[in-house]
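**Student:** Pasting a structure here, questions to come.
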Amino acid sequence: MTSVNQLVAVSLAYVAFLFAIAFFAERAAARGQGGWLRSPWVYTLSLSIYCTAWTFYGAVGYAARSGMEFVTIYLGPTLVMLGWWWILRKLVRIGRAQRATSIADLISARYGKSNLLAIVVTLMAVVGVTPYIALQLQSVTLSLGAFAGPSDTGALTNPASAFWVAGGLALFTVLFGTRKLDANERHSGVVMAIAVEAVVKLVALIAVGVFVVWGIAGGVQPMLAKIDASPIGTWQIDKSRWVALTALSAVAFLCLPRMFQVLVVENDDERHLQIAAWAFPVYLMLMSLFVVPIAVVGLDILPAGSNPDLFVLTIPLAEGRAGLAGLSFLGGFSSATSMVIVATLALATMVSNHVVMPVWLNAQGREGALVSGDVRNVVLLARRASILMILGLGYLYYRFSGGGAALAAIGLISFTGVAQFLPALLGGIFWRGASRWGALAGLIIGFVVWIYASLLPSFGPDAAMSARLLAEGPWGVGWLRPQALFGIEGLDPTVHAVVWSLTLNTFAFIIGSLVTFPTPLERLQGAQFVNVFELSGQPREWHAAMATSEDLMIMAQRILGADEARKLFREEADRQGIAGHLPEPSQAFLQRLERELAGSVGAATAHAMISQLVGGASVSVEDLMAVADESAQILEYSSQLEAKSAELTRTAGQLRTANDKLTALSVQKDAFLSQISHELRTPMTSIRSFSEILRDTEGMGQVEKTKYASIIHGEAIRLTRLLDDLLDLSVLENGQVNLNVETGRLEDVLEKAVITAQASGSGALAIKRRRLNEAVSLSTDLDRLAQVFINLMTNADKYCDAEHPQLDVSVENRDGAVCVVFFDNGTPIATSERDLIFEKFARIDGTPGAGAGLGLAICREIMTRLGGDIVLDPTQDGNRFVVILPAQAALAAQ
Amino acid sequence: MKRPLPSSVFLERRSYRRRRMMDAVRLLPIFAALLFMLPLFWPTAPDTPEVPVSMSTAVIYVFLVWLMLICAAYGLWSILWSARPVDVPDPDDSDDGEVA
């Protein structure tokens, strides 16, 4: 018979072997050769920590007591894995996007990085998992006891051995899991060791199963016959338990902190999930395949009263197969150790990130994030202390629960405890309306109901709860009996606890979410979680300018370690294109840094640390959200403003043009005044001089008198003409003119004008006409029209500076209107002056002549009165005045 | 979320097949739950005059269903895996049927 000492030696050798595997795996990963470490098979095997010592020993005991019901514990996870597309896919994506370090981290991140929620989840997880840890202690202690001979039985089944087992496991976990602080909470070494342990426990259980079926029963058919002949040979289930336990195990698979650790945190590649979706059910099926045969054979060959939880060990021992029994022991030991390592690591991470670190940061005060020194030591210390504390709690539970309960019952209590996370978790990833207060209310109510209806009664009557309280309820209130809440009796205690705790939890969660209003950060995170497949990137903003890269560097070094931090900062500096090691503290960099820190200390703590340096990001988010509603209005308002501003610009341009014109006119007017005074003064001067000569000169001859009188007369006519012109213009402008409409021919009008013009002109101008086109009948004020023509001809005569001045007069039909074109060959009027020549008193600078600058103004006034127009066509040589005759005047004549 | 305008209402045969396979992946757990809950309708020993189902039958039923579901999941996975487009990292980011 194998002695206990030999077993302990084998166990220690096995642990050393696991250490070696973890060590080489980590070294390979550090060298970048760890591709095989990240294979989907390692991922699948690491999920096997679901199968703990409870599975290894407890499932057989469960089957021996309750038949096929044990299988529900594996059907639930199978359903979850087969349904990976519904929940796990989203959970893994969110966990990776948010760099969640634990289930508490994920839930707190979802509800606005609330540390309160993280603490509540952490405490619940610690309390909920404690029975589970106790279960592992109990199974290892029991299995050691099974090997003990009659001589040392007493020494090994007492709590002292459980204490040593707990101590050994604690040491093992501390050495394994907290040798260093991983940047992203991934433990490639631990995962590899767990994968090896998964293989060991599967091989051990199958070996025992094969031995039982072919070695003892003698094949498959005899085995089936044996099953039917056994005490559990007929189909006997409690239907409510079948449904409730399948659901409960499915929920626990999602909510157990250690399962979250391997499913989400240690996940390297989302595609691994798709392989694990069928590979892990294979593992579960193989683990449960031989459970019923082992139970049946155990019931058959072992003496009545043997503990069915130990059949896996005691059958080989009874058959004298010491080697098989040793393998089986190692399988059970593997199951217990792998579960304890991952569960305590996951819990210790939660405790250090969500309880110790925030408290420590607060104690450090405002400058906490800036104090020099390596914060990693604090984190590691916190984790080691947490591991000891958690195993200590497990040991205490083992002691006080009496260590006698069936393994399966303890496991189910634990499952129900962690299942309380479900509403907050699923609500968080599928319902944007889920709020922090709702989650908190649900968690607390579910937890209280669980403690009251499941955990406390599990210690047995008169341990934590008096037998009277169990039977009659507190203060004799019947409907508050812990195992018959609201007066519903006859339910199985587990089903009762599951149904009531989850129902009240969900109810409180929904009501709480419906009546409270989430903070902006919560709403942003909610949108990021629920729409994780549509959204990428973080809309949250830090006031980047308020942090300096040096501060950030100091903080990052303390959390990530100097090398890691320097590497991160250098990479970022390269990405920003900055020479040197310190990048600009841009938005993108701060968000990246926060995620990196969250990988080490959790989202809530990382957020708090960055807030300390950068200053109230949450305030800025709230501001942003408040502004978001207004910004749409502001946008609309500003576009209106833009339109108005454009209009104002246009008006201002028009005003400027008008002002320019007015200024030019004012200048012209000044010029005219001097011109007109000159024009008036010159004839007046000669009139005065000659009249003085006539008055004062004695003995003037008649000839001379006539001559002087003629001069005076001529000047007087000139003055009169000038005054006539002014009067004419004034009359025309004021609209007081009376038009004398007659019917005539354009030809005749032109003829008259030419004669008049040539009579008064210098005679140098040659006027050419095309009489053929002039045969147009008119009905208008012919005299006024002639005045316009005369004026144009006289102007050409006066101002045309060509060597042989020439004026072409032609009649054109332009857009249905008859136009008379006067085209001379003089110097073209400058472009700048074209706008002004039709204005009153306009005189072109530098031109000779005595005009007052009224002629063209009068022409335009006349044409406007007649309903036509006069324009100056732009030309390269000469000037081309076009008189557009009133349309109805020409038409009426035709 | 902004959606790109559908270029075509109907997909080519290959994508269509892939989407139907994704539908099967989604329905598989529901189907599995139904099969696993079927034993609830079996007569149980104390409260029925009929011959209760024997334990060996129950064991064979549960493990056969289990094996069949695993084979179905494996089959669907291998179809989707071989048909996955090279440039798309995840086969099922869009969660609707005809038009993405």
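The listed protein sequences correspond, in order, to chains A and S. In our numbering, each residue's number is its place in the first sequence (first place is 1) plus 801. In our numbering, each residue's number is its place in the second sequence (first place is 1) plus 15. Just so it is clear, CB atoms sit at the ideal spot from N, CA and C, and this is done for glycine as well.
What residues in its chain sit with their C-beta under 8 angstroms from that of Val1004 (chain A), if we drop five residues either side in the sequence?
**Tutor:** Indexing the first sequence from 1 puts residue 1004 (chain A) at position 203. Result list for Val1004 (chain A): Leu1128, Gly1132, in chain order.
**Student:** Give the C-beta separation of Pro58 (chain S) and Val68 (chain S) to the nearest angstrom, bearing in mind that I take them to be a contact with Cβ-Cβ under 8 angstroms.
**Tutor:** Counting from 1 along the second sequence, the entry for residue 58 (chain S) is found at position 43. Counting from 1 along the second sequence, the entry for residue 68 (chain S) is found at position 53. About 7 angstroms; that satisfies the 8 angstroms criterion.
**Student:** Going along the chain, which residues of the stretch 79–99 of chain S sit with their C-beta nearer than 8 angstroms to a C-beta in chain A?
**Tutor:** Here the close residues are Trp81, Leu82, Leu84, Ile85, Ala88, Tyr89, Trp92, Leu95, Trp96.
**Student:** Would DSSP call Lys1002 (chain A) helix, strand or coil?
**Tutor:** Position 201 of the first sequence, counting from 1, holds the residue named residue 1002 (chain A). Note: Lys1002 (chain A) maps to helix in three-state DSSP.
**Student:** Can you have a look at Ala1429 (chain A) and say buried or exposed, based on whether 16 or more other CB atoms are within 10 angstroms of its CB?
**Tutor:** Working through the first sequence from its first residue, we reach residue 1429 (chain A) at position 628. The predicted position of Ala1429 (chain A) is uncertain, since its pLDDT is 49 and thus under 50; a value taken from the coordinates is nonetheless stated next. Ala1429 (chain A) comes out exposed.
**Student:** Kindly indicate which residue of S:Ser30, S:Pro54, S:Leu84 has the alpha-carbon position closest to the one of Leu42 (chain S).
**Tutor:** The residue given as residue 42 (chain S) occupies position 27 in the second sequence. When only C-alpha atoms are compared, the closest one is S:Leu84.
**Student:** As a quick exercise: from A:Ala860, A:Val1621, A:Val1250, A:Glu1448, pick the residue whose alpha carbon is nearest that of Arg1571 (chain A).
**Tutor:** Translated into the one-based positions of the first sequence, residue 1571 (chain A) becomes position 770. Among A:Ala860, A:Val1621, A:Val1250, A:Glu1448, the Cα nearest to that of Arg1571 (chain A) belongs to A:Val1621.
**Student:** Ignoring anything shorter than 4 residues, give me the alpha helix (DSSP H) runs that lie fully in the stretch 1355–1380 of chain A, in order along the chain.
**Tutor:** With a minimum length of 4 residues, the continuous alpha helix (DSSP H) runs that stay inside the stretch 1355–1380 of chain A are 1363–1377.
**Student:** Over the uninterrupted beta strand (DSSP E) stretch that includes Gln1607 (chain A), give me the two end residues.
**Tutor:** For this step, residue 1607 (chain A) is matched to residue 806 along the first sequence. First-last of the beta strand (DSSP E) with Gln1607 (chain A): 1607–1615.
**Student:** Looking at chain A, is there any beta carbon in it that lies within less than 8 angstroms of the beta carbon of Arg28 (chain S)?
**Tutor:** Numbered from 1 along the second sequence, position 13 holds the residue referred to as residue 28 (chain S). Not closer than 8 angstroms to any Cβ of chain A, the Cβ of Arg28 (chain S) fails to qualify, so no.
**Student:** For the beta strand (DSSP E) that Leu1566 (chain A) lies in, which residues bound it at each end?
**Tutor:** In the first sequence, residue 1566 (chain A) corresponds to position 765, counting from 1. First-last for Leu1566 (chain A): undefined, no H or E at that position.
**Student:** What did DSSP end up calling Arg1072 (chain A) once you bin it into helix, strand or coil?
**Tutor:** As a working note, residue 1072 (chain A) is residue 271 in the first sequence. Arg1072 (chain A): helix per DSSP, three-state reduction.
**Student:** Opposite Val1684 (chain A) in the DSSP bridges: which residues?
**Tutor:** Reading the first sequence from its first residue, position 883 is the one you call residue 1684 (chain A). In DSSP, Val1684 (chain A) forms a bridge with A:Val1621, A:Ile1671.
**Student:** Can you tell me whether Leu819 (chain A) is buried or exposed? The criterion is at least 16 other CB atoms within 10 Å of its CB, across all chains shown.
**Tutor:** Counting from 1 along the first sequence, the entry for residue 819 (chain A) is found at position 18. Leu819 (chain A) is buried by the Cβ-count criterion.
**Student:** I want to verify the contact list: residues of chain A whose CB lies under 9 angstroms from the CB of Leu55 (chain S), in sequence order.
**Tutor:** Stepping through the second sequence from its first residue, residue 55 (chain S) is reached at position 40. Within 9 angstroms Cβ-Cβ: Ile1038, Lys1040, Trp1043, Val1044.
**Student:** Assuming Ala1078 (chain A) and Trp92 (chain S) make a contact with CB atoms under 8 angstroms, what is their CB distance in whole Å?
**Tutor:** Taking the first residue of the first sequence as 1, we reach residue 1078 (chain A) at position 277. Taking the first residue of the second sequence as 1, we reach residue 92 (chain S) at position 77. At roughly 7 angstroms, the Cβ-Cβ gap stays under 8 angstroms, so Ala1078 (chain A) and Trp92 (chain S) are in contact.
**Student:** Pick from A:Gln1476, A:Ile1513, A:Ala1144: whose alpha carbon is nearest that of Thr1486 (chain A)?
**Tutor:** As a first step, residue 1486 (chain A) is located in the first sequence; it is residue number 685 there, counting from the start. Selected option, being the one with the closest Cα: A:Ile1513.
**Student:** Counting only Cβ pairs nearer than 8 angstroms, list the residues of chain A close to Leu142 (chain S).
**Tutor:** No statement about residue 142 (chain S) is possible, as the shown extent of chain S runs from 16 to 115 and does not include it.
**Student:** Residues in the same chain with beta-carbon distance under 7 angstroms from Val1613 (chain A), minus the five sequence neighbours each way, listed in chain order, please.
**Tutor:** The residue given as residue 1613 (chain A) occupies position 812 in the first sequence. Per the sequence presented here, residue 1613 (chain A) reads as Glu, with Val not at that position. Excluding positions up to five away in sequence, the list reads Cys1620, Val1622.
**Student:** Which residues, in chain order, does the stretch 1356–1368 of chain A contribute to contact with chain S at a C-beta distance below 7 angstroms?
**Tutor:** Hits within the stretch: zero.
**Student:** Mapping the DSSP letters down to three states, classify Pro1224 (chain A) as helix, strand or coil.
**Tutor:** Stepping through the first sequence from its first residue, residue 1224 (chain A) is reached at position 423. Helix.
**Student:** With a cut-off of 8 angstroms, does the C-beta of Ala39 (chain S) fall near any C-beta of chain A?
**Tutor:** Here residue 39 (chain S) is taken as the residue at index 24 of the second sequence, counted from 1. Cβ-Cβ to chain A under 8 angstroms: no for Ala39 (chain S).
**Student:** Can you tell me which of A:Ser1563, A:Ile874, A:Gly946, A:Phe825 puts its alpha carbon nearest to the alpha carbon of Asn806 (chain A)?
**Tutor:** Walking along the first sequence from the start, residue 806 (chain A) turns up at place 5. The residue with the shortest Cα to Cα distance from Asn806 (chain A) is A:Gly946.
**Student:** If you drop the 5 nearest sequence neighbours on each side, which residues of the same chain put their C-beta closer than 7 angstroms to that of Gln1037 (chain A)?
**Tutor:** For the purposes of this step, residue 1037 (chain A) is identified with residue 236 of the first sequence, where counting begins at 1. Hits under 7 angstroms: Gly868.
**Student:** Answer with yes or no whether the minimum CB distance from Pro878 (chain A) to chain S is below 8 angstroms.
**Tutor:** Working through the first sequence from its first residue, we reach residue 878 (chain A) at position 77. No - not a single Cβ of chain S is within 8 angstroms of the one on Pro878 (chain A).
**Student:** Can Ile1142 (chain A) and Val1097 (chain A) be called in contact, C-beta distance under 8 angstroms?
**Tutor:** For the purposes of this step, residue 1142 (chain A) is taken as residue 341 along the first sequence, with counting starting at 1. For the purposes of this step, residue 1097 (chain A) is taken as residue 296 along the first sequence, with counting starting at 1. Their beta carbons are not under 8 angstroms apart, which means Ile1142 (chain A) does not touch Val1097 (chain A) by this criterion.
**Student:** According to DSSP, Ser1107 (chain A) sits in a beta bridge with which residue or residues?
**Tutor:** Taking the first residue of the first sequence as 1, we reach residue 1107 (chain A) at position 306. Answer by DSSP bridge pairing: none, since Ser1107 (chain A) is not bridged.
**Student:** Please classify Val843 (chain A) as buried or exposed, where buried requires at least 16 neighbouring CB atoms within 10 angstroms.
**Tutor:** Translated into positions along the first sequence, residue 843 (chain A) becomes position 42. With 16 or more other Cβ atoms within 10 Å, it is buried.
**Student:** Taking a contact to mean a Cβ-Cβ separation below 8 angstroms, would you say Tyr851 (chain A) touches Met1060 (chain A) in this structure?
**Tutor:** Reading the first sequence from its first residue, position 50 is the one you call residue 851 (chain A). Reading the first sequence from its first residue, position 259 is the one you call residue 1060 (chain A). Closer than 8 angstroms, so yes.
**Student:** Answer with yes or no whether the minimum CB distance from Gly1133 (chain A) to chain S is below 8 angstroms.
**Tutor:** Walking along the first sequence from the start, residue 1133 (chain A) turns up at place 332. Gly1133 (chain A) does not count as touching chain S.
**Student:** Run down chain S in chain order and give the residues with a C-beta less than 9 angstroms from the C-beta of Gly1034 (chain A).
**Tutor:** The count along the first sequence starts at 1 and reaches residue 1034 (chain A) at position 233. Those within 9 angstroms of Gly1034 (chain A) in chain S are Ser69, Met70, Ser71.
**Student:** Mind checking if Gly896 (chain A) is an interface residue toward chain S, Cβ cutoff 8 angstroms exclusive?
**Tutor:** Position 95 of the first sequence holds residue 896 (chain A). It does not: the Cβ of Gly896 (chain A) has no partner Cβ on chain S nearer than 8 angstroms.
**Student:** Answer yes or no: does any C-beta atom of chain S fall closer than 8 angstroms to that of Ile1076 (chain A)?
**Tutor:** What you label residue 1076 (chain A) is simply residue 275 of the first sequence in a count that begins at 1. By this cut-off, Ile1076 (chain A) is an interface position.
**Student:** Can you list, in chain order, the residues of the stretch 1001–1034 of chain A whose Cβ is nearer than 8 angstroms to any Cβ on chain S?
**Tutor:** Residues Leu1025, Ala1026, Ile1028, Asp1029, Ser1031, Ile1033, Gly1034.
**Student:** Measuring only between beta-carbons, confirm whether Pro1082 (chain A) sits less than 8 angstroms from chain S.
**Tutor:** Within the first sequence, residue 1082 (chain A) is the residue found at index 281, counting from 1. Yes, Pro1082 (chain A) counts as interfacial toward chain S.
**Student:** Excluding five sequence neighbours on each side, which residues of the same chain lie with their C-beta closer than 7 angstroms to the C-beta of Met882 (chain A)?
**Tutor:** Here residue 882 (chain A) corresponds to residue number 81 of the first sequence, with the count starting at 1. So the list reads Ala1077, Ala1078, Phe1081, Pro1082, once near-sequence residues are dropped.
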